[in-house]
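Structure record follows, encoded as structure tokens.
Chains as they are written, first to last, in this note's numbering: chain E, 1 to 100; chain U, 101 to 451; chain S, 452 to 640.
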């Protein structure tokens, strides 16, 4: 059987990759995807604990995280499209001033 | 031979999957032939009838032709994605085939009691929805990777269409799920047996059935919703730049999707393998009972496939804005209404 | 057997995640991320949580990523340009801190592994089945569930408001051209 700590390690590695991606990436959509990766990495921890401790709560958390991620995707992509319309670029360094 | 050995069970499972895939591919090949013959009949012409007696070998001739055609890869295409797209399309279409129950419980010699379903699990219906939702990528990525404006337009249109109609498709199934209280397809079918066919979900869920059928036709990109490949506007849509076997894969994926949609409609709304009154003739669990049930199942499936062809011969195509308005402003509210209605009736204990 | 499957899926997930960050073409990143999500769905299955696995594929791979791919195709996003690393002198410090962090993490994981409490394997439980998830969601956690539905409503309204401000891409282009013209005029003055 796979021990619990392996799942936690996997989750930690994925979260780190996601966090590094947010810092490295300059493209708004790519950063958005890295944030999704981080959210998913935490989901693994929730599900792992939930199934090892035989308690469904962790999986309900994942369910709610997913809905939050879906809402975030809708609004986030809306913002990204709005930025692209105004500046014709998705580079976050270009979007450093608040007025257009 | 010890049948409880997990390795032997796994081997049997693989064998069953292999047989299913081959049977379905044959059905798909003959659906294509039937479509061409029936369309010919509808339009007052003959259709392909030269290869073999009455044209029965036509699918194999087509296959040979596809194999010997030249492979053309567009110069400016994105290679990796270009080759990935047809693979995604076919894989996602075929992966759902294993969960459909096609016959009742039967007692076989040597095997004992067997349920005629390859993989039975708790979330079968969600699995179907999940796998089919991957199929969008096949089309969208094909359109993008070809680096051609017609392909891109076709790909964009189809992803928009499939996202929109997936909503009403999912919601139309919620009514059935509410009534049966499970996502296990085998149990959904079993709950529909009895009462000489009047327990089929199509009677209490008629609105859901109509919404499902409409959005399923839109999901499979067939007439009258075949805008992604509207030949008069977009050459051939997302697969304009695909040739030879890669095109054949897309073609196959479309017909496998038609088949799975028909099977799902049969399973959820038309009682699956239940044949009205069959229990009076044969004892449930006996081999003839199972054989006739399986035949009944396939008759229902073929009826839906015929419906597809019939619609193609009859209806004109929608305009894109009409398609979107129809999906979002009519089909989705009707599906939601159906969910509310069913939930209320289930809560009151009527259904 | 489960260990082998877990290792394969973990390798797929981590490989796709690294590829996602390493790719400079956003569409390739998106495809890699879809790979990550599918691998994670497999990992949820090894954890005996099939419902969450199915929802993972439907919501992430089937809805969110389709939207992302759609936006990338629609905006025709170009590859990121490689740019020089600012703060070059801080790189050794960063490497050092990362090494310390990983050492700590490995230390902790090592101790978790050998700790007294070793939870039982989870393959035979019915915690992950649809019925138990649904029961939990609609009884004990009904309020959070309702709040998320409110959140989704807000997201719908927000997305529509954001998307309908300027009707076409052309609007942005003309405005950009106008600002560039005024800028060049002011600099000429």
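Heads up, the beta-carbon is just placed ideally off N, CA and C, and yes, glycines get one too. Quick caveat, the model's predicted, so the values are computed rather than measured.
Query                                                                                                                                                                                                                 : Result
Can you look up residue 320 of chain U in the DSSP assignment and give me helix, strand or coil?                                                                                                                      : coil
So, at 8 angstroms on beta carbons, what are the nonlocal neighbours of residue 367 of chain U in its own chain, with the 5 sequence-adjacent residues on each side left out?                                         : 200, 201, 285, 288 and 289
Give every residue of the same chain whose Cβ lies closer than 6 angstroms to the Cβ of residue 348 of chain U, excluding the five residues on either side of it in the sequence, and list them in chain order.       : 166
Using a Cβ-Cβ distance cut-off of 9 angstroms, determine whether residue 68 of chain E contacts chain S.                                                                                                              : yes
Give the DSSP-derived three-state secondary structure of residue 451 of chain U in the structure shown.                                                                                                               : coil
Along the chain, where does the alpha helix (DSSP H) that runs through residue 60 of chain E open and close?                                                                                                          : 57 to 87
Do you know offhand how far residue 605 of chain S's Cα is from residue 32 of chain E's?                                                                                                                              : 19 angstroms
Please report the distance separating the alpha-carbon of residue 596 of chain S from that of residue 45 of chain E.                                                                                                  : 20 angstroms
Nearest CA to the CA of residue 322 of chain U: which residue from U:415, U:401, U:378 and U:443?                                                                                                                     : U:415
Leaving aside the five residues before and after residue 68 of chain U along the sequence, list all residues of the same chain whose C-beta is less than 7 angstroms from its C-beta, in chain order.                 : In the structure as shown, chain U starts at 101 and stops at 451, and residue 68 of chain U therefore has no counterpart that could be examined.
How big is the Cα-Cα spacing for residue 11 of chain E and residue 36 of chain E?                                                                                                                                     : 13 angstroms
Please go through the same chain and pick out, in chain order, the residues whose beta-carbon is closer than 8 angstroms to the beta-carbon of residue 640 of chain S, but skip the five residues on each side of it. : Note that residue 640 of chain S scores 47 on pLDDT, short of 50, meaning its location in the model is unreliable and no value can be drawn from it.
Tell me which residue opens and which closes the alpha helix (DSSP H) that residue 179 of chain U is part of.                                                                                                         : 179 to 195
DSSP state of residue 162 of chain U, grouped into three classes?                                                                                                                                                     : helix
Taking 9 angstroms as the cut-off, decide whether the C-beta atoms of residue 42 of chain E and residue 50 of chain E are in contact.                                                                                 : no
Quick one: what's got a C-beta closer than 6 angstroms to residue 226 of chain U's C-beta in the same chain, skipping five residues either side?                                                                      : 283
Taking Cβ positions only, does residue 352 of chain U come closer than 9 angstroms to chain S?                                                                                                                        : no
Can you tell which of E:26, E:60 and E:28 has its C-alpha closest to the C-alpha of residue 588 of chain S?                                                                                                           : E:60
From the DSSP output, in three-state form, read off residue 91 of chain E for me.                                                                                                                                     : strand
By alpha-carbon positions, which one of U:320, U:319 and U:274 ends up nearest to residue 434 of chain U?                                                                                                             : U:274
Compare the C-alpha of residue 134 of chain U against each of U:432, U:410, U:448 and U:444 and name the closest.                                                                                                     : U:410
Going residue by residue through the segment 334 to 368 of chain U, where are the continuous alpha helix (DSSP H) segments of at least 4 residues, counting only ones entirely within it?                             : none
Quick one: is residue 338 of chain U buried, meaning 16 or more other Cβ sit within 10 Å of its Cβ, or exposed?                                                                                                       : buried
How many Å lie between residue 398 of chain U and residue 128 of chain U at the Cα?                                                                                                                                   : 13 angstroms
Tell me the residue span of the beta strand (DSSP E) that contains residue 207 of chain U.                                                                                                                            : 205 to 208
Which value, in whole angstroms, describes the spacing of the CA atoms of residue 54 of chain E and residue 545 of chain S?                                                                                           : 40 angstroms
Mind listing which residues of the segment 456 to 475 of chain S have their C-beta closer than 7 angstroms to chain E's C-betas, in chain order?                                                                      : 457, 461, 464, 465, 468, 469, 471 and 472
List the whole-angstrom C-beta distance separating residue 496 of chain S from residue 467 of chain S, where the pair is believed to meet the contact cut-off of C-beta under 8 angstroms.                            : About 17 angstroms; that fails the 8 angstroms criterion.
Establish whether the CB of residue 57 of chain E and some CB of chain S are separated by less than 9 angstroms.                                                                                                      : yes
From U:195, U:214, U:204 and U:104, pick the residue whose C-alpha is nearest to that of residue 234 of chain U; which is it?                                                                                         : U:195
Where does residue 214 of chain U fall in DSSP's three states?                                                                                                                                                        : strand
Given that a residue counts as buried once 16 or more other Cβ atoms are within 10 Å of its Cβ, and exposed if not, what is residue 527 of chain S?                                                                   : exposed
Relative to the C-alpha of residue 231 of chain U, which residue among S:472, S:476, S:579 and S:507 is closest?                                                                                                      : S:507
Is it buried or exposed for residue 400 of chain U, if we count other Cβ within 10 angstroms and need 16 for buried?                                                                                                  : buried
Determine the burial state of residue 214 of chain U: buried for a count of at least 16 other Cβ atoms within 10 Å of its Cβ, exposed for fewer.                                                                      : exposed
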